[in-house]
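K.L.:
Would you mind keeping the following structure in view while I ask a few things?
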Ligand code: PMP
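Residue numbers (my numbering): 37 to 438.
The following block contains the structure:
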């Protein structure tokens with residue numbers, strides 16, 4: 037049979053853990069492996085601003101006819117205001133073009149197709165480590181990739197000098213993938229000074245940033261989290277931004293993201309956008325409407341926007357508060373290792389420094405599920421499970437003698 041030639045693909049490590057978690061009969065089990073926000077009750081809520089927007093949309097009964105290839109212009113305008121603020125030079129100069137995409141993942145994939153077809157000599161540089169699907173997406177698009185140094189295990193911090201030295205190896209015209217904030221999986225972001233140094237290196241070496249912005253609002257605030265992006269948007273600079281509304285609108289399953297192209301001027305951006313449209317057409321033809329309409333409805337209405345900003349702040353404050361509670365609970369166990377670096381990390385994820393053996397012991401002895409890299413989803417920690425989690429970590433860390 038023809039399909040006999042097809043081999044079984046490896047299962048996705050993170051989704052495999054979720055399956056094992058579901059089957060685990062332990063009533064005290066804890067899942068810190070998933071990539072979604074959870075509230076104190078360990079559920080992923082639908083935001084009230086989203087429900088109100090959907091109620092309005094139901095009353096308006098918009099047509100289900102196809103959207104334009106890059107989605108509606110109102111969506112594009114709303115995204116640009118969120119990324120660059122209302123009165124930014126780049127928007128006023130008309131040198132940004134935005135397409136609505138099925139999630140941030142499709143924005144990355146369309147960017148990959150665009151790069152492969154139009155910038156065939158470019159190498160894409162990714163941080164070591166990065167979100168594993170980055171290599172999945174860019175390999176599938178046929179874009180050559182290399183890694184730049186990012187995380188320093190010995191200090192649990194960004195290895196600034198090594199990162200800049202690696203970027204110094206890139207060739208003019210190469211592309212550098214940067215996480216705008218809440219770096220996944222480490223939780224370590226560049227400082228404002230480091231963003232300046234990155235911007236200077238990119239300029240000097242004629243490298244183009246590709247910004248992955250999947251967690252706007254989850255670090256320090258919606259405006260604050262775009263500081264790195266604005267730093268890189270000096271006059272005349274070029275950039276690709278892949279943003280996502282999965283996390284900050286809780287619209288995971290609606291698949292709503294955006295691909296924004298920033299070019300030197302209005303003529304250049306239209307030329308580039310014409311190629312982006314070809315990539316979209318051959319990929320999924322045009323985006324699904326519902327999720328994008330929710331985002332536009334919220335962002336065009338001052339009352340709903342205010343409510344949404346408050347809901348994003350609530351999620352952010354819960355995560356940052358949980359980081360502090362977790363570190364205190366660990367310290368209360370008397371564990372010798374200093375985990376205070378966890379409070380300096382941002383976003384849902386934390387590189388805990390736990391080894392694969394310690395991660396296995398947590399699963400086998402305590403029904404605590406963590407990715408083997410030691411990446412913890414901080415949003416999976418609640419007041420109800422933090423003590424048990426801290427005790428379990430202290431136990432496996434001390435019994436492994438580290
Ligand atoms: N980039 C990063 C760094 C992410 O963590 C994610 C979500 N896990 C995405 C992009 C894509 O998100 P989505 O396709 O769900 O919008």
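Quick reminder that beta carbons are idealized off the backbone N, C-alpha and C, glycines included.
Which ranges does the alpha helix (DSSP H) cover as unbroken runs of at least 4 residues, wholly within the region 103–177, from first to last along the chain?
P.N.:
Counting only runs of 4 or more, we get 109–120, 125–128, 139–154 and 168–177.
K.L.:
Going by DSSP, what residues sit across from residue 412 in a beta bridge?
P.N.:
In DSSP, residue 412 forms a bridge with 386.
K.L.:
Sorry if obvious, but does the Cβ on residue 215 come closer than 8 Å to a heavy atom of the ligand PMP?
P.N.:
The answer is yes for residue 215.
K.L.:
Have a look at residue 229 and residue 218 and give me their C-alpha separation to the nearest angstrom.
P.N.:
Their backbone Cα atoms lie some 17 Å apart in a straight line.
K.L.:
By the three-class DSSP mapping on this structure, what secondary structure does residue 75 have?
P.N.:
Residue 75 falls in the coil class under three-state DSSP.
K.L.:
Going by DSSP, what residues sit across from residue 341 in a beta bridge?
P.N.:
None; residue 341 has no bridge partner.
K.L.:
Note down, one range per segment and in chain order, each beta strand (DSSP E) of at least 3 residues found wholly within the region 170–223.
P.N.:
The qualifying runs are 181–185 and 211–215.
K.L.:
Just to confirm, does residue 77 get its C-beta within under 8 Å of one of the non-hydrogen atoms of the ligand PMP?
P.N.:
Not under cutoff, so the answer is no.
K.L.:
Check each candidate in 143, 83, 426 and 279 and name the one with the smallest Cα separation from residue 114.
P.N.:
Closest option to residue 114, Cα to Cα, is 279.
K.L.:
For a test of the three-state rule: what should DSSP assign to residue 421, helix, strand or coil?
P.N.:
Reduced to three states, the DSSP call for residue 421 is coil.
K.L.:
Sort out for me which residues DSSP pairs residue 278 with in a bridge.
P.N.:
According to DSSP, residue 278 bridges with 248 and 295.
K.L.:
Can you grab the Cα-Cα spacing for the pair residue 323 / residue 157, in whole Å?
P.N.:
Residue 323 and residue 157: Cα-Cα distance of roughly 29 Å.
K.L.:
Is it buried or exposed, residue 62, if we count other Cβ atoms within 10 angstroms and call 16 or more buried?
P.N.:
It is exposed - the Cβ of residue 62 has fewer than 16 other Cβ atoms within 10 Å.
K.L.:
Could you check what DSSP says for residue 402 in three-state terms: helix, strand or coil?
P.N.:
Residue 402: helix per DSSP, three-state reduction.
K.L.:
Got a list of residues with beta-carbon closer than 5 Å to any non-hydrogen atom of the ligand PMP, in chain order?
P.N.:
That gives 71, 139, 140, 141, 167, 220, 248, 250, 280, 282 and 293.
K.L.:
Can you grab the Cα-Cα spacing for the pair residue 286 / residue 334, in whole Å?
P.N.:
Using only the alpha carbons, I get a separation of about 13 Å.
K.L.:
Anyone know if the C-beta pair for residue 358 and residue 414 falls short of 9 Å?
P.N.:
A contact, by the Cβ cut-off of 9 Å.
K.L.:
If I follow the unbroken alpha helix (DSSP H) through residue 304, where does it start and stop?
P.N.:
Run containing residue 304: 302–317, per the alpha helix (DSSP H) assignment.
K.L.:
Would residue 305 and residue 299 be called neighbours here (beta carbons separated by less than 9 Å)?
P.N.:
Yes, Cβ-Cβ distance for residue 305 and residue 299 is below 9 Å.
K.L.:
Should residue 137 be labelled buried (16 or more other beta-carbon atoms within 10 Å of its own) or exposed?
P.N.:
Counting Cβ neighbours within 10 Å, residue 137 comes out buried, since at least 16 surround it.
K.L.:
Give me whichever residues DSSP pairs with residue 66 in a beta bridge.
P.N.:
DSSP lists 404 as partners of residue 66.
K.L.:
Just verifying my parser: in three-state terms, what is the DSSP assignment at residue 82?
P.N.:
It is coil, neither helix nor strand.
K.L.:
In whole angstroms, what separates the C-alpha of residue 248 from that of residue 336?
P.N.:
Cα-Cα distance, rounded: 24 Å.
K.L.:
Measure the CB-CB distance between residue 182 and residue 162 and report whether it falls below 9 Å.
P.N.:
Result yes, Cβ atoms of residue 182 and residue 162 sit closer than 9 Å.
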